[in-house]
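Participant:
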Amino acid sequence: MNLLKTHPCAYMLPDIEELKNEREKIIRIFSTFVLNRHNCTKMADILEQSGQTKHAKWLRDFNQSEPVWHYSDEVNLQVTKSTTMNSATTVLLKMDSKPRGKAVIFVNIKSLLKEAERFKYILQQLEFDVDDIIAQCSNKVMRDKLGELAIMNHDKHDAFFMMFIGHGQNEELCCTDKNVPIKDIAYMFSEANCLELRNKPKIFVFNCCRIGNDTKRMFMIYSCEQDECAYYQGDKGFTYFGRAFSHVIAQYACSRDILEIILRTSFRLEEDMKQAICFAKFVSTSLSPAHLLFPKQKGRT
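And the structure:
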């Protein structure tokens, strides 16, 4: 039982310890502590540490990873539903609201509109209220829209999601006239300036070429490392990052934490590019990345 105190489901131990029958305790532990692959791996480690190597092997054999999806050109990419109950009692962030929160997508390269539509479809399946895609926008249009979202009432929302697809340079997003510095967006949604989203996760995905630290509970995902280029094929309507990220998030968003989603995206990018130049970059402030940002209850649509 002492080893179980290091398990992600350790908060359930007080209830389990009240059970009088040891067999009931064991059944309860294994029926709740192995509901997802990460927790199952932790349980196998605990079994091994306690000398039950055979049972640890059985659990690891059971906990085999599923194959990654093959790439599809379909815009309407179906999200894999959760096979376990993921709610405020089973994840570190409350993500139960419906809609989950507001989402906005900017795309400033016409040939990548298809990619933006795919992410809109994915986010809608993850229960975000997604605004109409904003294409070929000016500096003022982007600032006005983000300013509107930063001050609107988010009492009934648990999160916020923003994505930019287009050109970027020197940590700035390229609009049709002049650029918008990424630091300005971070400042706009900081804890001090965006009271409506205080203590709620805010996810920003910058799919473009390539922050004081008042960005608590803010996740920033870049398509590449600083001072590197992001690659896209306009004739096919996708970026390499967007293609990889969309498939990974559709397959794993309901069962994996945000860090694993980014790592899996980077691995796919490395394989696609055959070089380590286009790794996705994850930036999180004041939060451990081991959070489910897109949990869904079992069987929900």
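In terms of the UniProt record's numbering, the sequence shown is residues 1 to 301.
Every residue, glycine too, gets a C-beta built ideally from N, C-alpha and C.
Quick check on R243: buried or exposed, where buried means 16 or more other Cβ atoms within 10 Å of its Cβ?
Facilitator: R243 comes out buried.
Participant: Output the boundary residues of the alpha helix (DSSP H) element that contains F241.
Facilitator: From DSSP, the alpha helix (DSSP H) with F241 extends over Y240 to Y252.
Participant: Within its chain, find whatever has a CB closer than 7 Å to the CB of C40; leave out the 5 residues flanking it on each side and keep chain order.
Facilitator: Within the same chain, C40 has close Cβ partners V34, L59 and N63.
Participant: Quick one: give me the first and last residue of the beta strand (DSSP E) that G237 is part of.
Facilitator: Note, G237: premise wrong, no beta strand (DSSP E); not H, not E.
Participant: Going along the chain, which residues of its own chain have a beta-carbon closer than 6 Å to the beta-carbon of A44, five neighbours each way excluded?
Facilitator: Correct list, in chain order: A56, L59 and R60.
Participant: In angstroms, rounded to a whole number, what distance separates the CA positions of L10 and L3?
Facilitator: With the sequence shown as reference, residue 10 is identified as Ala, and Leu is not the correct amino acid for it. Whole-angstrom Cα-Cα distance: 9 Å.
Participant: Is the beta carbon of A253 sitting closer than 9 Å to the one on L197?
Facilitator: Not a contact, by the Cβ cut-off of 9 Å.
Participant: Please identify the residue among D257, S65, L13 and A103 whose C-alpha is closest to the C-alpha of K202.
Facilitator: Among D257, S65, L13 and A103, the Cα nearest to that of K202 is on A103.
Participant: Residues in the same chain with beta-carbon distance under 7 Å from F119, minus the five sequence neighbours each way, listed in chain order, please.
Facilitator: Taken in chain order, the residues that qualify are I105, M163 and S246.
Participant: Looking only at its own chain, which residues have a Cβ that is under 7 Å from the Cβ of I122, when we skip the five neighbours before and after it?
Facilitator: So the qualifying residues of the chain are L77, V79, S246, I249 and A250.
Participant: Let me make sure I understand the geometry here. Which of E117, K114, E115 and T176 has the alpha-carbon closest to that of N139?
Facilitator: The shortest C-alpha separation from N139 is found at T176.
Participant: Can you tell me the Cβ-Cβ gap for E127 and K156, rounded? I've got them flagged as a contact below 8 Å.
Facilitator: With a Cβ gap of about 12 Å, E127 and K156 do not count as contacting.
Participant: For the beta strand (DSSP E) containing V34, name the first residue and the last one.
Facilitator: Neither: V34 is in no beta strand (DSSP E) and is coded neither H nor E.
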